[in-house]
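A short write-up of the structure that comes next.
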Ligand SMILES: Nc1nc2c(ncn2[C@@H]2O[C@H](COP(=O)(O)OP(=O)(O)O)[C@@H](O)[C@H]2O)c(=O)[nH]1
Ligand SMILES: [Mg+2]
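In our numbering, the protein residues as written are 3 to 304.
Written out as structure tokens, the structure is:
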């Protein structure tokens with residue numbers, strides 16, 4: 003059953019992606035599935051965060067088009083079941099496209115945020131990996147808005163974009179430290195509203211004092227102002243999860259595979275391995291010698 007799904011996933015079947023996403027969301031994706039689907043290229047993971055009502059969903063909706071215009075495939079993981087992006091769909095396999103309904107380069111999923119302070123859904127890291135393995139080049143994450151200082155967002159995303167509204171200048175003063183710690187780019191959103199210019203000046207003055215200074219821009223999902231510039235900024239940021247992270251993931255997979263083989267060789271009574279272990283216990287071979295010899299045996303095992 004899962005094998006069929008993986009097969010369809012490999013052939014670019016978005017419904018298979020949706021199914022695997024549902025399994026992942028419930029923490030039911032078999033452990034070795036991700037390994038089997040390992041992607042070669044990390045996606046650019048961009049988190050859009052900010053308080054409820056600041057316009058995260060609206061902006062993400064517009065960004066989909068901007069990203070698609072660059073010829074990049076994009077997945078949206080909205081940690082907000084009420085997100086209008088997914089038509090307010092609750093959990094399930096519902097997949098709705100923004101813009102062209104049959105655009106294979108777009109995948110949207112809304113997820114329930116974890117209860118408590120978290121602005122993220124459970125198992126989001128696994129879902130990001132799934133999107134990458136499917137060939138998505140950009141993953142946009144809409145956070146639930148709560149707990150915007152959440153460092154988990156920072157750990158998962160390459161770029162964190164924090165939206166502020168014109169009238170929340172005061173909030174910024176209060177939360178300044180936390181805001182600058184978590185945000186890579188600050189956006190004074192709803193730039194079409196009165197007071198935007200003043201808020202922009204205020205935020206920029208504060209952001210320039212941060213170390214390193216945080217870029218600030220004005221944007222509006224309503225008018226489209228600043229969206230191209232926002233994407234240019236985001237695309238120009240270095241990927242935080244560099245290739246070495248991918249290598250580390252592989253190393254972990256190798257270690258797990260070795261542990262599995264070692265245990266089954268012991269349990270299955272592979273003679274050479276058992277002998278080595280007992281000689282090591284007696285102290286007649288060093289750990290390094292024993293490990294090298296066991297590796298040889300395990301790797302040459304038919
Ligand atoms: N004036 C203005 N209103 C906006 C803009 N973007 C979103 N809104 C409105 O702000 C409200 C909240 O938007 P939404 O995207 O759901 O915010 P979220 O809760 O952060 O996801 C809605 O009524 C939107 O129509 C904008 O650029 N300008
Ligand atoms: Mg929303």
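From the three backbone atoms N, C-alpha and C, an ideal C-beta is built for every residue, glycine too.
Quick one: Cα of residue 241 to Cα of residue 185, how far?
As a working mapping, residue 241 is identified with position 239 in the chain shown. As a working mapping, residue 185 is identified with position 183 in the chain shown. If I take the Cα positions, the gap works out to 14 Å.
Which ranges does the alpha helix (DSSP H) cover as unbroken runs of at least 4 residues, wholly within the segment 9-52, from first to last along the chain?
16-27, 35-38
Can you determine whether any heavy atom of ligand 2 sits closer than 7 Å to the C-beta of residue 5, and answer yes or no?
Here residue 5 is taken as the residue at index 3 of the chain shown, counted from 1. No - ligand 2 has no heavy atom lying nearer than 7 Å to the Cβ of residue 5.
Contacting residues, own chain, Cβ-Cβ under 7 Å from residue 12 (five flanking each side not counted)
If you number the chain shown from 1, residue 12 lands on position 10. The answer is none, since no qualifying residue turns up.
For residue 275, tell me which candidate among 296, 215, 108 has the shortest Cα-Cα distance.
Taking the first residue of the chain shown as position 1, residue 275 is located at position 273. Closest option to residue 275, Cα to Cα, is 296.
Report the residue from 110, 218, 196, 160 whose alpha carbon sits nearest the alpha carbon of residue 59.
Here residue 59 refers to the residue found at position 57 when the chain shown is read from its first residue. When only C-alpha atoms are compared, the closest one is 110.
Identify the continuous alpha helix (DSSP H) that holds residue 135 and give its terminal residues.
Counting from one through the chain shown, the residue named residue 135 turns up at place 133. Its alpha helix (DSSP H) spans residues 126-136.
Would you tell me roughly how many angstroms separate the C-alpha atoms of residue 270 and residue 68, rounded to the nearest one?
Within the chain shown, numbered from 1, the residue matching residue 270 stands at position 268. Within the chain shown, numbered from 1, the residue matching residue 68 stands at position 66. The alpha-carbon of residue 270 is positioned some 57 Å away from that of residue 68.
So what's residue 4 in DSSP terms, helix, strand or just coil?
Mapped onto the chain shown, residue 4 falls at position 2. If DSSP states are grouped into helix, strand and coil, residue 4 belongs with the helices.
Mind listing, in chain order, the continuous beta strand (DSSP E) runs of no fewer than 3 residues lying wholly within the segment 218-301?
218-220
From residue 125 to residue 10, what distance separates their C-alpha atoms?
Here residue 125 refers to the residue found at position 123 when the chain shown is read from its first residue. Here residue 10 refers to the residue found at position 8 when the chain shown is read from its first residue. Distance between the alpha carbons of residue 125 and residue 10: 22 Å.
Which partner residues does residue 66 have in the DSSP bridge list?
As a working mapping, residue 66 is identified with position 64 in the chain shown. Note: residue 66 sits in no beta bridge, so no partner.
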